[in-house]
Amino acid sequence: MKRSSRRLCLWYVAVCALTLLCALLRSVALLTAFDVHPGYFRTAPITVIYYVVMALALLCAASLPLWIKKEALPTAAPAPTLPGLCGAGIVALLFLVNFIEACFSGGDSKLPAGLWIFGLLALLVATVYFALRFLAEKPPLSATLLCGYGTILAAALLLCFTYFDPFTPMNAPHKMSLHLSLLSVMVYLFYDLRTLAGEGMPRAATASAGVAFLLALTTGSSNLLAFVAGTYHSVPYLVQDLLLLGLAVYIGATGAARARRDVQVLAKAEAAEVQHECQ
472 MKRSSRRLCL WYVAVCALTL LCALLRSVAL LTAFDVHPGY FRTAPITVIY
522 YVVMALALLC AASLPLWIKK EALPTAAPAP TLPGLCGAGI VALLFLVNFI
572 EACFSGGDSK LPAGLWIFGL LALLVATVYF ALRFLAEKPP LSATLLCGYG
622 TILAAALLLC FTYFDPFTPM NAPHKMSLHL SLLSVMVYLF YDLRTLAGEG
672 MPRAATASAG VAFLLALTTG SSNLLAFVAG TYHSVPYLVQ DLLLLGLAVY
722 IGATGAARAR RDVQVLAKAE AAEVQHECQ
């Protein structure tokens, strides 16, 4: 238990610092070393540096279970905070924006009609889920869990919307980064729902939040900057990039609340352990 609070603080600081660094490096790479027409990065030092730093950042974010003992962290969800509630409201609006955009762009997509309709319904469910997290102080658990699993499905179907995009190569950095970010958000939501259901796995939940925050903020911010700079012009990708930014705000806000709570719990446990040893 000794020094666990320091290790947890160090992990949070490292993830935040590496996330900002990755976002900066990817933004510079998109603006200076990206070929618009083929849709790939050119071979340049900045792209190599970005990939190396991103790999190290992902390893750091996923390494939390190696730093903290299994029983050290509380399994319950932290109390809601104003930034977290505001983040939930932003994500609810952005899921609604994605629903509206999908309604208009569905005719141009190669996505099967049944999957497209199913995706629209899932996006509405995701909007309801985050609206519940924003509006209700204590939303009904069963309805929240049901809508939460629908939100995971919505993220998977959003991935399908761009997966079937015939105009962007399958392994293009823009498409792959978006898909990896959505996959990380799905894992984060799964562990978040386990916590709400009283079956929390705090180390895995915190690590998944770190990975999702890293990928969502890096991808969303750099892609949005690339859109403003004219690197790409696709509206379906734009609204999903905005959604990733909103999710990064939500994950970061709820993660900050969890960090404060967990560090305090670990510090109190360490102080009690030291006091016990001195007696």
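Sequential numbering from 472 applies to the sequence shown in our numbering.
We put the CB at the ideal spot given by N, CA and C, even for glycine.
Because the structure is a prediction, the values reported are computed rather than measured.
Residue range of the alpha helix (DSSP H) that includes residue i
i: Gly669; result: First-last for Gly669: undefined, no H or E at that position.
i: Val486; result: 475-503
i: Thr633; result: 612-634
i: Glu572; result: 553-576
i: Val524; result: 516-533
i: Ser679; result: 673-699
i: Ile588; result: 584-606
Minimum C-alpha distance to residue i - residue among the options
i: Leu629; options: Val656, Tyr662, Thr702; result: Val656
i: Ile623; options: Val734, Ala584, Arg665; result: Arg665
i: Val596; options: Leu696, Phe566, Phe661; result: Phe566
i: Thr615; options: Thr598, Cys631, Ala627, Leu714; result: Thr598
i: Ala419; options: Thr677, Ala547, Met641, Leu695; result: This structure gives no information on residue 419, because the portion of the chain shown stretches from 472 to 750.
i: Leu713; options: Gly555, Ala687, Pro640; result: Ala687
i: Leu718; options: Lys581, Gly681, Met647, Ala593; result: Gly681
i: Lys541; options: Arg674, Ala724, Ala625; result: Arg674
i: Leu535; options: Ala494, Ala573, Val507, Arg478; result: Arg478
i: Met525; options: Ser498, Leu537, Leu544, Val507; result: Ser498
i: Leu556; options: Asp733, Gln735, Ala724, Leu544; result: Ala724
i: Cys574; options: Leu530, Phe589, Leu667; result: Phe589
i: Ala452; options: Ala626, Arg729, His645, Thr689; result: Only positions 472 to 750 of the chain appear in the structure, and residue 452 is not among them; the question remains open.
i: Cys618; options: Ala494, Leu667, Leu696; result: Leu667
i: Gly510; options: Gln735, Leu654, Thr518, His645; result: His645
i: Thr518; options: Met641, Ala504, Thr490, Asp733; result: Ala504
i: Ala643; options: Ala494, His508, Arg474; result: His508
i: Ala494; options: Pro640, Ser692, Pro516; result: Ser692
Alpha-carbon to alpha-carbon, residue j and residue i
i: Leu502; j: Leu737; result: 43 Å
i: Pro549; j: Phe638; result: 43 Å
i: Ala584; j: Leu591; result: 11 Å
i: Arg731; j: Cys480; result: 9 Å
i: Phe684; j: Gly669; result: 23 Å
i: Ala500; j: Ser476; result: 36 Å
i: Val486; j: Asp636; result: 32 Å
i: Ala700; j: Thr514; result: 21 Å
i: Leu715; j: Ser652; result: 8 Å
i: Asn694; j: Thr633; result: 15 Å
i: Glu608; j: Tyr483; result: 27 Å
i: Ala528; j: Trp587; result: 35 Å
i: Asp506; j: Phe512; result: 6 Å
i: Leu537; j: Arg474; result: 14 Å
i: Pro427; j: Tyr522; result: This structure cannot settle anything about residue 427, because the visible part of the chain is limited to 472 through 750.
Residues near residue i by beta carbon distance below 7 Å, same chain, minus five either side
i: Gly560; result: Phe605
i: Gly621; result: Ala593, Val596, Ala597, Tyr600
i: Val710; result: Val568, Asn569, Glu572
i: Cys531; result: Ala485, Val486, Leu489
Own chain, CB closer than 8 Å to residue i, minus 5 neighbours either side, in chain order
i: Ile520; result: Leu496
i: His704; result: Phe698
i: Lys581; result: Phe635, Asp636, Pro637
i: Thr690; result: Arg497, Ser648, Leu649, Leu651, Ser652, Asp712, Leu715
Residues bridged to residue i [DSSP beta-bridge criterion]
i: Phe512; result: Phe505
6 Å CB neighbourhood of residue i in its chain, flanking five on each side removed
i: Ser576; result: Pro707
i: Ser679; result: Val658, Tyr659, Tyr662
i: Pro610; result: Leu603
i: Thr546; result: Gly671, Pro673
i: His650; result: Leu630
i: Gly558; result: Val720, Tyr721, Ala724
i: Thr552; result: Ala728
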